[in-house]
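> Chains as they are written, first to last, in our numbering: chain V, 228 to 596; chain F, 228 to 596; chain A, 228 to 596; chain E, 228 to 596. Using N, Cα and C, we set each Cβ at its ideal position, and we do this for glycine too.
#1: Taking the straight line between their C-alpha atoms, what separation do you get for residue 406 of chain E and residue 356 of chain E?
#2: What are the residues in the region 499–521 of chain V lying within 9 Å of chain F by C-beta distance?
#3: Taking one C-beta from the region 318–333 of chain V and one from the region 467–480 of chain V each time, how about it: are there three or more such pairs within less than 8 Å?
#4: Where residue 299 of chain E and residue 494 of chain A are concerned, what is the direct C-alpha to C-alpha distance, given to the nearest angstrom?
#5: If you compare alpha carbons, which of E/566, E/513, E/332 is closest to residue 579 of chain A?
#6: Taking 8 Å as the CB-CB cut-off, is residue 324 of chain A touching chain E?
#7: Given a cut-off of 8 Å on the beta-carbon distance, is the pair residue 427 of chain E and residue 362 of chain E in contact?
#8: Using a Cβ-Cβ distance cut-off of 8 Å, determine whether residue 589 of chain V contacts chain B.
#9: For residue 272 of chain E, which three-state DSSP category applies?
#10: Under 8 Å Cβ-Cβ, which residues of chain A neighbour residue 387 of chain F?
#11: Taking residue 559 of chain E as the reference, which of A/302, A/349, A/286 has the closest Cα?
#12: For chain A, check one thing: does any of its Cβ atoms lie closer than 8 Å to the Cβ of residue 272 of chain E?
#13: Which residue's Cα is closest to the Cα of residue 475 of chain F: F/251, F/505, F/391?
#14: With a threshold of 8 Å between beta carbons, is residue 419 of chain A in contact with chain F?
#15: Below 8 Å on C-beta distance, what does residue 439 of chain A contact in chain V?
#16: Taking three-plus beta-carbon pairs below 8 Å as touching, is the region 262–282 of chain F in contact with the region 572–586 of chain V?
#17: Quick one: is residue 592 of chain A near chain F, going by C-beta distance under 8 Å?
#18: For a quick check, are the C-beta atoms of residue 437 of chain A and residue 570 of chain E less than 8 Å apart?
#19: Can you tell me which of the three DSSP states residue 355 of chain F falls into?
#20: Name the two residues that bound the continuous alpha helix (DSSP H) containing residue 541 of chain V.
#21: Can you find a CB in chain E that lies within less than 8 Å of the CB of residue 333 of chain A?
#22: Give the secondary structure of residue 519 of chain V by DSSP, where H, G and I count as helix, E and B as strand, and everything else as coil.
#23: Does any C-beta atom of chain E lie closer than 8 Å to the C-beta of residue 472 of chain V?
#24: Would residue 434 of chain E count as contacting chain V if we go by Cβ distances under 8 Å?
#25: Taking the straight line between their C-alpha atoms, what separation do you get for residue 404 of chain F and residue 359 of chain V?
#26: Quick one: which chain V residues come within Cβ less than 9 Å of residue 397 of chain E?
#27: Give, in chain order, every residue of the region 456–467 of chain F whose Cβ lies closer than 7 Å to some Cβ of chain A.
#28: Can you list the residues of chain E that residue 378 of chain V reaches, using a CB-CB cut of under 7 Å?
#29: If you follow the alpha helix (DSSP H) that residue 228 of chain F is part of, which residue opens it and which one closes it?
#30: Could you tell me whether the Cβ atoms of residue 283 of chain A and residue 315 of chain A are closer together than 8 Å?
#31: What is the DSSP secondary structure of residue 470 of chain F, counted as helix, strand or coil?
#32: If you measure beta-carbon to beta-carbon, which residues of the region 249–264 of chain E are closer than 9 Å to chain A?
#33: Between the alpha carbons of residue 429 of chain V and residue 369 of chain V, how many angstroms are there, rounded?
#34: Rounded to whole angstroms, what's the CA-CA distance from residue 522 of chain V to residue 510 of chain V? Just pull it up for me.
#35: Have a look at residue 582 of chain F and residue 434 of chain E and give me their C-alpha separation to the nearest angstrom.
#36: Strictly by DSSP, which residues pair up with residue 322 of chain E?
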């Protein structure tokens with residue numbers, strides 16, 4: 228991994244996501260230019276000391292030289308470094324998984340495309356939303372023609388966390404995003420507008436051919452745009468609207484997509500990401516749920532749990548394990564909020580009492596002893 | 228880990244959850260009594276061959292003998308083995324994290340309580356729902372007295388997957404749950420009713436003192452209950468209702484809790500687990516969102532992402548990484564649905580075009596080249 | 228109309244509802260025992276002075292004597308008068324529409340049943356919820372067998388407005404409901420529990436045969452119950468739970484019904500009354516919307532507006548008309564929030580400007596002149 | 228009333244709305260140019276035969292000549308007649324309530340503005356959505372500055388009912404809307420776009436100064452627009468987007484408004500019209516409910532029912548009354564789905580049985596007798 232040290236938001240997400248299914252392990256990294264932070268990050272994640280590198284060049288060279296060196300590099304730096312790190316990794320014969328955007332600007336992106344082609348290696352870009360099961364289901368519905376010819380696509384991605392000039396108050400996440408040298412020419416449009424753009428094309432199945440943009444820097448003193456409203460025309464004739472904002476105070480992370488065809492329309496919302504709502508001209512609306520057997524193969528493949536278990540289930544479980552690990556590491560004699568054997572006894576008392584007294588009216592539930 | 232081999236639902240969840248935060252690694256296991264399945268599970272999860280054991284006794288003995296042997300045992304077998312595995316691990320000086328219920332019956336649970344006390348080791352029980360940030364927030368609200376004295380608690384946990392006698396059609400998950408020898412005296416009540424019971428006490432802050440139960444075996448031929456309706460009386464005077472069902476056809480996994488006090492009430496629903504709704508006698512309703520800065524410490528500690536990023540975010544990310552890992556492992560030249568450099572170029576073209584033409588009306592977006 | 232004078236909640240609802248479709252007019256009434264209030268109510272509703280009566284007996288006698296006297300009596304008094312007013316009206320040959328409950332107690336109800344039979348007149352009881360289009364659709368679905376044999380019915384009706392002893396602070400609505408002489412033996416159960424009971428049988432299609440009740444008077448000093456939890460067994464074998472509460476602080480008027488059969492389940496909630504959600508064992512969930520062409524005849528007949536126009540549409544419209552009527556009555560030169568011709572000009576300017584400049588980029592919208 | 232005869236959608240809404248609060252009566256009309264339809268409409272609504280007029284001129288003349296003639300004219304004709312009817316009524320000294328848009332085009336609208344001013348009479352325009360309590364609350368919040376300076380306004384009004392060329396299949400509603408001679412230059416924009424425009428200015432509190440429009444006639448052969456996407460700039464600097472569509476197949480009548488200021492944002496949706504959601508930068512979200520005591524005076528004034536009683540309550544009630552009226556008119560001996568005395572007896576049996584057996588376990592509920 229390159230980047231992702233303390234204070235980063237997306238680095239830890241890459242680490243957790245990469246390791247979740249047990250096929251990938253974080254084994255090496257150059258997490259921060261600051262030595263202390265670099266070591267802290269590496270050790271927290273179980274990386275051996277000799278594979279915590281001072282910079283990405285050292286990392287690439289050393290890992291290529293190891294017998295069982297890393298095969299895939301996760302690029303999670305600020306935008307301005309995406310190109311050079313990705314290109315170097317590819318040249319060295321490593322696969323790349325890069326956070327978005329691919330590069331700082333279009334020229335770099337084109338150069339990187341050539342580098343990918345020349346390398347024969349895989350290059351992946353984490354437009355996260357393409358990974359949601361119900362986004363993949365939506366794409367399948369459009370591809371199969373379920374909705375008829377697509378006529379209209381509206382995508383809205385609203386946040387409010389840049390409503391104040393927090394980049395001038397030391398917010399690291401806001402800081403680099405507001406600096407053209409690190410973020411590129413796009414502010415909100417480059418940070419979240421591209422996600423909206425990508426998902427519109429990914430699901431809608433047609434490329435944007437023309438656009439009419441109204442970008443604004445709403446917060447006084449901000450250089451880059453923090454609010455975007457864009458009219459779209461797609462190949463094939465569909466019209467669309469893309470709204471992205473980081474100054475919609477109160478909004479959290481509201482990505483919402485609707486695609487309408489001749490006979491029906493679908494809506495997907497990030498805050499309800501396990502559901503896909505489909506409305507029809509002449510029939511009841513449908514709600515498709517992640518994890519269901521009736522979904523398409525790409526959607527089914529994206530769920531680790533039965534339907535009705537929102538993906539937060541794993542994290543809730545992980546909270547218990549992490550509390551337990553903390554208690555073990557600290558040598559504590561209890562694990563805080565983690566239910567313990569007293570809760571276990573109590574549960575069994577509940578079950579046995581209820582079964583024994585079934586249909587017989589009121590009985591006492593003795594407190595566990 | 229003991230149990231959790233191929234076909235299990237909860238074993239993989241334990242593995243992913245335990246490893247998520249990087250503090251715990253799965254290093255050893257006895258995953259299945261079937262040799263082939265045991266090895267398959269261990270290898271899929273990166274366990275070294277010499278730490279894949281034929282049974283839990285071997286595992287405990289061998290791991291205790293290693294210099295850096297396992298410290299914590301995850302018990303994910305069917306219910307009837309929970310006691311013996313947990314007790315053996317504790318006796319050997321290992322911490323235990325057990326899937327619920329703690330044991331097959333109350334007598335075993337009481338015996339295990341003594342074993343825990345004697346061992347001086349930690350024992351955790353994965354009543355999963357206690358790990359959700361907004362469940363912890365709800366508990367804090369009740370403890371702080373925000374709602375006034377608690378008067379009523381309603382908890383409903385409805386599933387529909389046992390609406391047909393699938394245990395007689397080879398469904399492994401349904402099979403052991405329907406067999407009293409493996410599951411204990413409780414069917415639905417032991418499988419999900421205890422979760423509902425536990426969350427009601429965990430959040431409501433008072434113990435159940437009396438109950439009046441109506442349990443039924445609705446599907447013909449089923450021995451254990453598959454539907455439960457129970458009236459509750461809590462210490463302190465609150466009344467309550469617990470509804471649990473596995474034959475509510477169409478229901479997915481609908482756990483829903485409401486707690487009402489003298490001046491307000493809260494509602495939490497598993498299908499919207501990042502939200503906590505609070506209604507007041509004389510003021511606007513509130514919706515609290517996971518990850519927000521205004522939450523209590525226990526709730527904040529349970530989120531890995533900023534507000535508005537539902538926890539499925541990690542899994543969506545992981546889908547991209549897993550597709551990438553699959554492509555690498557298979558030596559494929561593309562990574563399927565994972566966005567690639569062409570998408571990266573396209574995104575940059577979108578940003579640059581929109582910024583350059585901002586406010587100038589319609590322009591073409593050239594297809595990437 | 229008998230009852231419904233100033234301070235009443237349900238009287239005005241009866242008047243508006245009765246007149247809504249233009250088939251019924253309020254022409255006479257005995258609205259209050261207090262002369263001034265009686266006259267005020269009658270005049271506000273356009274009743275001729277000579278048809279505002281001092282009591283219901285006078286009203287019945289006088290109206291029967293008129294050539295075109297009233298045909299239908301709406302009984303909207305407190306519960307303890309329902310019987311005598313209804314019986315008197317029926318004896319006089321008038322049809323009756325009574326607010327619920329039918330009478331103060333069961334003995335009266337049985338006597339009234341005889342009176343209805345003897346009279347040959349129609350007797351209707353406003354269990355309001357049976358009038359909702361989607362409740363009628365739900366009933367049809369059960370009757371048609373869409374869900375298979377019914378197994379479970381859960382109905383919940385929660386309010387919070389009696390969380391404090393408001394009946395002792397002069398709240399007229401709370402006052403008579405808390406007084407056994409006026410309300411009967413049931414408090415919450417008689418006020419809203421019967422609605423829940425009625426809708427469960429109306430939709431579920433089977434009668435309750437057995438019950439197990441836990442009723443409480445939660446607010447200190449209150450005589451009648453204000454919280455009810457009841458286990459139910461229906462003819463045919465379905466089990467059920469009925470929860471009714473008026474001390475669930477923060478709850479507004481949350482009536483919610485779920486009915487599960489062998490292959491699917493339906494859920495209807497009063498706060499989303501235009502929707503009916505249906506979940507299936509093996510297929511996407513469905514949401515049926517009031518006013519849709521695909522609904523059953525009884526459901527279609529209950530909508531006055533196209534789908535997507537929630538019934539509040541009429542009231543929103545009525546707010547404009549009422550503001551207008553107020554302005555006319557007061558001789559004011561403007562009608563407050565009612566949009567006027569300036570808004571009309573502005574709207575036309577918007578339309579013409581947008582149409583004229585379609586596709587041509589930015590243009591000014593001149594302020595109306 | 229002028230217009231609104233059989234087949235019209237909005238005429239009956241005007242009639243019900245005008246009469247709802249008992250301050251206005253429909254006493255006269257020219258409902259249709261077709262004699263039979265004209266008489267049918269008038270009689271169905273209880274208008275005396277001698278006040279059903281052949282055309283609006285006759286109506287105005289005759290009503291002005293009556294001692295207690297009509298004071299207010301409701302104009303519910305197709306758009307092309309709005310001007311002449313409204314102007315004639317005003318000239319004759321009558322108040323006017325007109326359906327929107329005010330006139331066929333801008334020139335007429337300006338002429339009508341002069342006519343209103345000259346008449347000294349009131350002129351109201353039914354931009355319906357301004358009548359919703361929670362829209363009025365939203366307006367108050369913006370006016371009070373609760374959200375800080377307004378930065379962004381997004382309004383979306385989507386329908387799908389014109390997804391096919393139904394105007395060529397005899398759909399009367401679609402027919403006149405698709406004909407420029409009757410509807411004016413705007414199709415979708417004139418029909419629903421102006422509602423969206425009006426509500427954006429009504430709530431947002433600032434006028435649109437510039438716009439950039441993308442209108443399309445998506446259905447082949449249609450002359451007027453059926454889909455609109457418009458970028459907006461408001462006085463004071465706020466940006467906005469207006470989306471209106473009648474070809475979003477599956478959409479019902481989805482009007483949705485969001486307004487974001489410096490410190491918070493509000494969202495109102497027609498399909499959940501009793502709720503107003505407010506999101507804050509640093510505090511829990513709020514949901515305000517219609518009918519609550521904490522609302523502003525304009526919002527409180529717009530509710531006829533306690534909170535939690537969606538306005539459909541009146542219509543549900545009305546369904547019972549109408550079924551009753553039908554049964555009376557037809558001389559039937561039962562009133563169909565209207566609950567009757569058997570239901571009344573049953574309800575009382577339920578209450579008495581539950582109260583008598585409270586806390587005593589299971590008892591039989593005898594079927595009513």
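On the basis of the supplied data:
#1: Counting from 1 along the fourth chain, the entry for residue 406 of chain E is found at position 179. Counting from 1 along the fourth chain, the entry for residue 356 of chain E is found at position 129. When rounded, the distance between both Cα atoms is 25 Å.
#2: 499, 500, 501, 502, 516, 517, 518, 519
#3: no
#4: In the fourth chain, residue 299 of chain E corresponds to position 72, counting from 1. In the third chain, residue 494 of chain A corresponds to position 267, counting from 1. So the alpha carbons of these two residues sit roughly 44 Å apart.
#5: Locating residue 579 of chain A in the third chain gives position 352, counting from the first residue. Checked all of E/566, E/513, E/332; the closest Cα to residue 579 of chain A is E/332.
#6: The count along the third chain starts at 1 and reaches residue 324 of chain A at position 97. So yes, residue 324 of chain A belongs to the interface.
#7: Start at 1 with the first residue of the fourth chain, and residue 427 of chain E comes out as number 200. Start at 1 with the first residue of the fourth chain, and residue 362 of chain E comes out as number 135. No, these two residues do not count as a Cβ contact at 8 Å.
#8: Going by chain labels, chain B is absent from the structure shown, which instead holds the protein chains V, F, A and E.
#9: Locating residue 272 of chain E in the fourth chain gives position 45, counting from the first residue. Residue 272 of chain E falls in the coil class under three-state DSSP.
#10: Residue 387 of chain F sits at position 160 when you count from the first residue of the second chain. Within 8 Å Cβ-Cβ: 487, 492, 506, 508.
#11: Counted from its first residue, the fourth chain places residue 559 of chain E at position 332. The residue with the shortest Cα to Cα distance from residue 559 of chain E is A/349.
#12: Taking the first residue of the fourth chain as position 1, residue 272 of chain E is located at position 45. True, the Cβ-Cβ gap to chain A drops below 8 Å.
#13: Within the second chain, numbered from 1, the residue matching residue 475 of chain F stands at position 248. The shortest Cα separation from residue 475 of chain F among F/251, F/505, F/391 belongs to F/391.
#14: Translated into positions along the third chain, residue 419 of chain A becomes position 192. Chain F, which has no Cβ nearer than 8 Å to the Cβ of residue 419 of chain A, makes this no.
#15: Within the third chain, numbered from 1, the residue matching residue 439 of chain A stands at position 212. Correct list: 588.
#16: no
#17: Residue numbering aside, residue 592 of chain A sits at position 365 when the third chain is read from its first letter. Taking Cβ atoms only, chain F never reaches closer than 8 Å to residue 592 of chain A, which makes this a no.
#18: As a working mapping, residue 437 of chain A is identified with position 210 in the third chain. As a working mapping, residue 570 of chain E is identified with position 343 in the fourth chain. For residue 437 of chain A and residue 570 of chain E, no; Cβs fall outside 8 Å.
#19: For the purposes of this step, residue 355 of chain F is taken as residue 128 along the second chain, with counting starting at 1. Residue 355 of chain F: helix per DSSP, three-state reduction.
#20: Within the first chain, the letter at position 314 stands for residue 541 of chain V. Start and end: 539–557.
#21: By 1-based counting over the third chain, the position of residue 333 of chain A is 106. Output row for residue 333 of chain A: interface = yes.
#22: Within the first chain, numbered from 1, the residue matching residue 519 of chain V stands at position 292. Three-state result, residue 519 of chain V: coil.
#23: By 1-based counting over the first chain, the position of residue 472 of chain V is 245. Chain E, which has a Cβ nearer than 8 Å to the Cβ of residue 472 of chain V, makes this yes.
#24: Here residue 434 of chain E refers to the residue found at position 207 when the fourth chain is read from its first residue. Not closer than 8 Å to any Cβ of chain V, the Cβ of residue 434 of chain E fails to qualify, so no.
#25: The sequence position of residue 404 of chain F within the second chain is 177, counting from 1. The sequence position of residue 359 of chain V within the first chain is 132, counting from 1. Taking the straight line from one Cα to the other gives about 31 Å.
#26: Position 170 of the fourth chain, counting from 1, holds the residue named residue 397 of chain E. Within 9 Å Cβ-Cβ: nothing; residue 397 of chain E doesn't reach chain V, min ~17 Å.
#27: 456, 458, 466
#28: On the first chain, residue 378 of chain V is found 151 positions in, with the first residue counted as 1. The contacting residues are 445, 474.
#29: For this step, residue 228 of chain F is matched to residue 1 along the second chain. That residue, residue 228 of chain F, is in no alpha helix (DSSP H); it is neither H nor E in DSSP.
#30: The residue labelled residue 283 of chain A in the question sits at position 56 within the third chain. The residue labelled residue 315 of chain A in the question sits at position 88 within the third chain. The answer is yes: Cβ separation under 8 Å.
#31: In the second chain, residue 470 of chain F corresponds to position 243, counting from 1. DSSP places residue 470 of chain F in strand when its eight states are reduced to three.
#32: 249, 250, 251, 252, 253
#33: Here residue 429 of chain V is taken as the residue at index 202 of the first chain, counted from 1. Here residue 369 of chain V is taken as the residue at index 142 of the first chain, counted from 1. For residue 429 of chain V and residue 369 of chain V, the distance between alpha carbons rounds to 10 Å.
#34: On the first chain, position 295 is the one that residue 522 of chain V refers to. On the first chain, position 283 is the one that residue 510 of chain V refers to. Spanning the two alpha carbons is a distance of roughly 19 Å.
#35: What you label residue 582 of chain F is simply residue 355 of the second chain in a count that begins at 1. What you label residue 434 of chain E is simply residue 207 of the fourth chain in a count that begins at 1. Straight-line Cα distance between these residues: approximately 27 Å.
#36: For the purposes of this step, residue 322 of chain E is taken as residue 95 along the fourth chain, with counting starting at 1. Residue 322 of chain E is bridged to E/299.
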